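Report on one structure; see the data block that follows.
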Amino acid sequence: MSVVSVLGVRHHGPGSARAVQAELERLRPDVILIEGPPEADELVALAPELEPPVALLAHVPGEAAKAAFWPFAGFSPEWQAILYGVRAGIPVRFCDLPAAHSLADQGPAAAGPKDDGDPATAPDGDAAPGPGPGSGPGDDAAPEPPADLMRVDPIGTLAQAAGYDDPERWWEDVVEHRGDTPFEVIAEAMAAVREGHEPDEREARREAYMRRTLRAALKQGHERVAVVCGAWHVPALSAPLPPAKADDALLRGLPKVKAQLTWVPWTYGRLAWWSGYGAGIASPGWYHHLFTAKDRPVERWLAEAAAVLRDEGLPVSSAHVIESVRLAHSLATLRGRPLAGLGEVTEAARAVLCEGDDLAVELIQRRMVVGDRLGHVSDGTPMVPLQRDLRDQQRRLKLKPEALDRELGLDLRKPLDLERSHLLHRLLLLDVGWGALGQARGKGTFRETWRLQWRPEFDLALIEAAALGVTVASAAAQRARDLAAAPSVTLADLTGLVERCLLADLPQALPEVLSALSAKAALDTDVTHLMAALPAMVRAHRYGDVRGTSAQGLAVIVRSMLDRICVGLPVAVTGLDDEAASALLGGVDGVHAAVALMSEDTGGPDTAESAPQASPRGRWLVTLRGISDRPDLHGLIEGRLTRILLDAGELDGAGDSAGDRMSRAMSRGHAPTRAASWIEGFLGGGGLLLVHDPRLLGLMDAWLTGLSGEQFVDVLPLLRRTFGGFAAPERRAIGERVRSADRAERTADRGVDERRAAAAAQTVLTILGRARG
Amino acid sequence: MTVLRPHAEDQYAEELAVLAKDDDRPRPPGWKLSPWAVTTYILGDGERVTPKYVGARRIVEVAVATLATDRALLLLGVPGTAKTWLSEHLAAAISGDSTLLVQGTAGTAEEAVRYGWNYARLLAEGPSVEAMTPSPVMRAMAEGRVARVEELTRMPSDVQDALITVLSEKTLPIPELNREVQAERGFNVIATANDRDRGVNELSSALRRRFNTVVLPVPATAEEEVDIVSRRVTQLGRSLELPETSTGLAEIRRVVTVFRELRAGVTEDGRTKLKSPSGTLSTAEAISVLTSGIALAAHFGDGVLRPADVAAGIVGAVVQEPVSDRVVWREYLETVVRERSGWRDFYRACREVS
């Protein structure tokens, strides 16, 4: 007579996992059936080589959107059952509805758009085909839990009804301390809960399939069968089983697709937010702790939290830990709970260890409650859809992965080349450096040169990235979102990321990246960072315009960045030394060039302001003008501002011409070195101005000749640096001007030999496109 | 009763009596009520007991559990977050006495925490118990009650440190008489501190670790805060006997919005991040901005509260530190206020005064 034991578990419940471990040791079954897709039966053998958290991934080759994940952590009861089965050398089988059916059932509606960035479209929440993560109900949970929550996590719901916010502590407190085995208690409770429940079609089919697998196992002559499944299904699998005929009828003619399964690495962060089945588990790190801690979980947890805080340099003593343990226990008593749960230890850590500091609490939350554990898969794992998608695209775009280094020139005006470029940029985002972007960006923005070389480790990188999405595009978009959400991200990283998203044509990731960027820009107190970031953003904005990529919101961010720069710059220009001044000068130049590129229509909705205020260029010039009148500026900055304003045609008022300003800057009131740096700023990059404006030249000449010998030696290096930067013909022209000014001669009077000049003039005209005949 | 403001234990004596009568749960030694009943007294039960503190339940639970473990409780928060209010009611519920109070100021002397002397008797009789004037803390120890220390971080550090022995050894030595006062069971200390004062007289880490810290948050939602502000503004206007002005809820809402956004560093719609100025921007300051705006409108305006009346007050409240706060305010004005529909008059008013 064969014995069937049905172990009803809470998915991802460490208490269940421990109970399953003990129960399997006691039962010594000769076959184990686990809730999950039966196609994964062969993959079970790989389990001991994997490092959880990992997930079973079912996908349909060629249909990227059809995929489902069954995540397992070390503390998942299913995982412990698999490990036991492999260790004991007994067959382990999955008994849920095959993925071939459940994926086929998703239909076109669930499949959604191909590149929606969602790593997988999971089956309907209320009838999860696999271990749906248990819910961690918060304190705000409704008093009457909805029926589907009950079905996904009946144990969690029961615990909540009993007044526990941590179902695992309820398990330990109520279930484990009753009877020989917790599973009898669970079976009883579930029978009561399911009394009168009529399963819907999907659920009925799944349970029918489970029964069918169970019957098959019994038929094969297995003596002791252990079934590990969600607690909800226990009554449906308990003896006596209904006649097989009804189940066969239910399972007849199910739609079917060709599904493939593999293991992919998973993370605790993903377990926490993964919501394919509805609720994620909020605290994988805490569950991991509950599962691995030998005893006294509260004490160990708080001691570990103290260690985490100490690592960050916060002073936390053992006395703190003692007091926090006491507080956790008395809070539990006050709340009428026999054991302290995650809620109580978190409050205790907040009040005692962190001394009320929210940042420290967040640190514990991030490092410990969620945790940053990343799973690994071994070499023999079958191919993931991401690899498959890449292979399809390689074939379509006629790009072969070759280990040999080769160069590829792309003309982005051709659709094929543009797609190739997108693919390579996306792969770069996924840390797959198949192509390295070459230098040839100089001539025209429509050319790209890549060096292609495929290395075997890229396959591994793709497997690692498999959890991000099933297509290269969706995975890259997800990676971009993750990068943008990283706490340590800097403004420069984000602007770079925006450009990369545009290059890789990932508009679906842009909203998140842009909102992170705008948040970062708002909080950055250093205006020079903003100034450094602005040109790239303006470029990206124009690029988006040119390519027709919708970079919605970018214009708004660019404009608000400029607003912030305009507000912050006046403060930033005070008290600069030479080095800081020249750094800021670069920033001012960059912003000025960028502002020139900003189209006027980004000016915003309001027209009530006076006209120059409205356009970005107007606002920028008004700011510069405001600054340029200040007496405490560094010479370099003032010189450059004067030049910018002069070039922009802003200096035409009486007493405010460039000459007047220069005259003021050159006057005796200023130290010669300041005047010299003013000249450097004013003339930076080109001396033609001096050739064409005799008044400015005269002013400078007068200033220079008026210097004493000692002063002249002082300013000489600065002047040398300024004038040394000019092109040789410019220098010569200036020199000639100075000489001719001395002789009071007009150089223009010198006759021009028209015959000798004709050839040169003709060439110039040809270049200008005005050649005649 | 003719007093202007009765103590909590007198004002709510009935509620305390009702709770004590029905309270059958175990009471910690020296407590008048069980921890459950104390929590109910603070949060209300919806019928016989009115809520004293409106806010998250977990805050009150942590506070009560802390006091039950004979750890001292430190209530932190920006001004106007009901720290004092909560400490008074906790003391009233636990000890039935909220009067054992030390107010922390820059001039608080050690005698206020330990004991002083009646110098006439000291000179006449020499050192004796009768010649001593015990501090509220000492009396609380002797009687097993809860002592309250207000604005702990305002006290000089050496005075603060007088609490260390009291909190760790639960004893207060009197070397002059060669004796000591040992705390009866039920003794505890509730301190309040303003967390914007951090760094003024920072608690020594020795003292700090004898407290469990509970941070009281600012009102959670804009509606809640608008409600608090408009009620207080009306009350204040009445007590200051200001001429009647028509105060639109819109203007109150606007002031509260500005304060909340700058305080939180993010706009209410959650789309735009902002820098926060150095000031506290508490609910209390919003109230005073509005009150002075009403005064302006009543005496110099047309009796209607207009954006111009509150603009100067807001700028004054936001710009506490002339350079960096001004940048924060200008940024806010240019990036948020300017864009917002219906705020154009407010934007102009602010531009004029800043």
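Sequence lines, in order, name chains F and L. Heads up: the first sequence runs through residues 1 to 773, numbered per the numbering used here. Heads up: the second sequence runs through residues 1001 to 1354, numbered per the numbering used here. C-beta atoms are modelled at their ideal positions from N, C-alpha and C, and glycine is treated no differently. Keep in mind that this is a model prediction, so the values were computed, not measured.
Boundaries of the beta strand (DSSP E) harbouring Asp411 (chain F): Arg406 to Asp411, taken from the DSSP string. Close CB contacts of Ser324 (chain F) within its chain, under the 7 Å cut and outside five residues either way in sequence, are with Leu302, Ala348, Ala349, Val352 and Leu353 (chain order). Contact of Val1327 (chain L) with chain F is assigned, a C-beta pair being separated by under 7 Å.
Asn1212 (chain L) has a beta carbon lying within less than 7 Å of a beta carbon in chain F. In this structure Ala360 (chain F) does not touch Val298 (chain F) by the C-beta definition: roughly 19 Å separates them, more than the 8 Å allowed. Contact between the region 1294–1307 of chain L and the region 525–542 of chain F is absent, with fewer than three C-beta pairs closer than 8 Å. DSSP places Pro235 (chain F) inside the alpha helix (DSSP H), whose first and last residues are Val234 to Leu237.
With fewer than 16 other Cβ atoms from the protein chains shown falling within 10 Å of its own Cβ, Ser318 (chain F) counts as exposed. For Met1132 (chain L), the enclosing beta strand (DSSP E) covers residues Met1132 to Pro1134.
Annotation: Trp454 (chain F) is outside any beta strand (DSSP E) and is labelled neither H nor E by DSSP. Interface annotation, Ala522 (chain F): in contact with chain L, CB-CB separation under 7 Å. Taking a C-beta distance under 7 Å as the contact criterion, Leu397 (chain F) and Arg420 (chain F) qualify as a contact pair. For Glu347 (chain F), the chain L residues whose C-beta falls within less than 7 Å of its own C-beta are Arg1058 and Val1062, listed in chain order. An exposed status is given to Leu1249 (chain L), since fewer than 16 other beta-carbon atoms sit within 10 Å of its beta-carbon. Using beta-carbon distances, Leu554 (chain F) does not count as an interface residue toward chain L, since no partner is under 7 Å. In this structure, the alpha-carbon of Ala516 (chain F) lies about 21 Å from that of Ala272 (chain F).
Around the beta carbon of Ile679 (chain F), 16 or more other beta carbons lie within 10 angstroms, which makes this residue buried. Closer than 7 Å at the C-beta level to chain F, one finds these residues of the region 1305–1337 of chain L: Val1323, Val1327, Arg1330, Glu1331, Glu1334 and Thr1335.
Any Cβ of chain F closer than 7 Å to the Cβ of Pro1035 (chain L) would place that residue at the interface, and such an atom is present. Identification of chain F residues near Ser1205 (chain L) by a Cβ-Cβ cut-off of 8 Å yields Pro315, ordered along the chain. Listed as beta-bridge partners of Ser5 (chain F) by DSSP are F:Ala226. With a threshold of 16 other beta carbon atoms within 10 Å, Tyr1115 (chain L) meets it and is buried.
Contact check for Val60 (chain F) against Val370 (chain F) fails: the beta carbons are separated by 7 Å or more. For the 7 Å CB-CB criterion, Ala67 (chain F) and Ile34 (chain F) do not form a contact. By the beta-carbon neighbour count (other beta carbons within 10 angstroms, threshold 16), Tyr209 (chain F) is buried.
Looking at the backbone, the Cα of Ala40 (chain F) and that of Val92 (chain F) are separated by about 10 Å.
Listed in chain order, the non-local C-beta contacts of Ala231 (chain F) below 7 Å within the same chain comprise Gly8, Val9, Arg10, Pro154, Ile155, Ile186 and Met190, local neighbours out to five positions each way being set aside. Following the DSSP letters along the chain, one finds Gly435 (chain F) in no alpha helix (DSSP H) but inside the beta strand (DSSP E) bounded by residues Gly435 to Leu437. For the pair Val1327 (chain L) and Glu402 (chain F), the Cα-to-Cα distance works out to about 56 Å. Under the Cβ criterion of 7 Å, Leu331 (chain F) is counted among the residues facing chain L.
Within the region 1129–1166 of chain L, the complete beta strand (DSSP E) segments at least 3 residues long are 1132–1134 and 1146–1150, listed from N- to C-terminus. Taking C-alpha positions only, Val1038 (chain L) is separated from Glu344 (chain F) by approximately 19 Å.
Per DSSP, Ile32 (chain F) is one residue of the beta strand (DSSP E) stretching across Val31 to Ile34. The Cβ-Cβ distance between Thr262 (chain F) and Leu57 (chain F) falls below 7 Å. Out of L:Ser1341, L:Thr1335 and L:Pro1307, the CA that lies nearest to the CA of Val1353 (chain L) is found in L:Pro1307. The alpha carbon of Thr1050 (chain L) has as its nearest neighbour, out of L:Val1078, L:Lys1021, L:His1089 and L:Thr1069, the alpha carbon of L:His1089.
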